[in-house]
Every structure is written in C-alpha cells, then in structure tokens.
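*Asks:*
Residue numbers (full-length UniProt numbering): 1 to 233.
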C-alpha cells in the first residue's frame, strides 16, 4: 500500500576527514623565533631602573620632610597669632564692671558740690534777688561728699607713730607691774618705766628695780617723753 523508500549509496562522503599528515608544516615561521637579548644590555637596564627608583625615593623623602617642616612652621605661626590676640584682648579688657563708653557718645560732666546755696549771699551777705532768690541764703560752711568721706576715715597713723616712737625709745607698751596702761609714768636710773602708784607700792617692800634688780634707792623721776607720747595718742 505504501511505497518503500530506498536510500542510494554514494561513493564519496560529503564531509571528509582531513588528515594531519596532508597539511605541510612551515618550519621557517618567523613568529616562532625569539630574538636573543644581550646580557650586558639587560644588566645596564636593571642598574638604570634601580638608580631611578633610588632617586625617586630620595626625592619623595625630601618632599615629605619639606612638607612636614612647612606644616610645623604654619602651626607655630598660627599658635603665636592666637596667643598675641588673646594677650591683646586681655590688655584691652576693662577692669571691674566698668564698660567702655561708646565712641558715638560724648559726655560732659559739670560738678558743683553746693548747688542749692546762693554763692553771692554766702560770700558777701547780700543777694540782688532778695527773698525771691531760689537758692538758700546761708553763710554756714558745708562739706562736700568727698570731704565728708575724708573726715570720717579712721586715722590709724597716730597710733602707728606712737608705736614707732615707743619702739625707738625701747619703752614697753604697758606697765610691767600692773600690765595696764601707764598712769603718771615714772622713770628709774636704769631707764625702766612704771606707773607712779605701782613704783611706790614696790618700793615699800624693796628699793631694787622690779625689772633688772638694780638699786634705785626709791628714787624715780617723771617720764616726760612717755607723757608726750601718750598725749599724742
């Protein structure tokens, strides 16, 4: 019913295998030949490359050191400028709570220590305005604020002078017997100072000096220099 298919045999295959033996090999190919390099030239190239590397490293090192020195110098200069600026600000800083006055302001201060007293009446006792004068008609002496401050200051210079005089005269500050202030001071032959009452009481028991033990024979004179010093006090 169906027709049988018949495949015809061919004597030559479409794809033939190529043998390697049939392909000729060219032994004279230039690509396979390597040029010979001279050993001397190779050594020279190596030495030159080493020297160039050394010079390059030396240059890099010099540049690095120069850069470090430059940065250090810039840092020192900056630190010096900062220190100078701080010192300048400290010098220009006002002391205490007083602030500097603005430059666009001008102040004029007129001080009159007695503004409410008629100066004509105070100096001459006469004023042309009479009773219509708005100032006070008074001829009393008034002290200003600065003068009141000086008057109320505690003066310790007198006591200091007294102590200096006592030290220079080698006089004890107080009586040796009663250990109190001198009352009618007297002076013995041996230059020792006592109150007159203390000296008289001591002489009742012994005529010798209570300080050094020398004989006084119950005699003492008034200490005028010590009295003058006590009067200054």
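Using N, Cα and C, we set each Cβ at its ideal position, and we do this for glycine too.
From a predicted model like this one, the values you see are computed outputs, not experimental measurements.
1) Measuring CB to CB, does residue 216 end up less than 8 Å from residue 208?
2) Extract the residue ranges of the alpha helix (DSSP H) inside the UniProt domain "RING-type" (175 to 212), only unbroken runs of 4 or more that lie entirely within it.
3) Under the three-state reduction of DSSP, which class applies to residue 217: helix, strand or coil?
4) Quick check on this structure: which residue in 189, 198, 119, 201 has the alpha carbon closest to the alpha carbon of residue 219?
5) Locate the alpha helix (DSSP H) running through residue 124, then write down its first and last residues.
6) Report all residues from its chain with a CB closer than 7 Å to the CB of residue 237; omit the five preceding and five following residues, and keep chain order.
7) Identify the residues that DSSP records as bridge partners of residue 136: which are they?
8) Measure from the alpha carbon of residue 173 to the alpha carbon of each residue in 229, 126, 135, then state which is nearest.
9) Measuring straight from C-alpha to C-alpha, what distance separates residue 231 and residue 129?
10) Give me the residue from 221, 199, 222 with the minimum Cα distance to residue 211.
11) Can you give the beta carbon distance from residue 136 to residue 117, rounded, assuming they're within the 8 Å contact cut?
*Replies:* Checking against the coordinates, here is how it stands:
1) The beta carbons of residue 216 and residue 208 sit closer together than 8 Å.
2) Fully enclosed alpha helix (DSSP H) runs of 4 or longer: 196 to 205.
3) Residue 217 carries a coil assignment under DSSP once its states are collapsed to helix, strand and coil.
4) Checked all of 189, 198, 119, 201; the closest Cα to residue 219 is 189.
5) Element bounds for residue 124: 119 to 124.
6) With the chain running from 1 to 233 in the structure shown, residue 237 is simply not present.
7) DSSP, once it has assigned bridges, lists 117 as partnering residue 136.
8) Among 229, 126, 135, the Cα nearest to that of residue 173 belongs to 229.
9) Rounded to the nearest angstrom, the gap between the Cα atoms of residue 231 and residue 129 is 51 Å.
10) Put simply, of 221, 199, 222 the residue whose alpha carbon is nearest the alpha carbon of residue 211 is 199.
11) For residue 136 against residue 117, the beta-carbon gap comes to about 5 Å, under 8 Å, which counts as contact.
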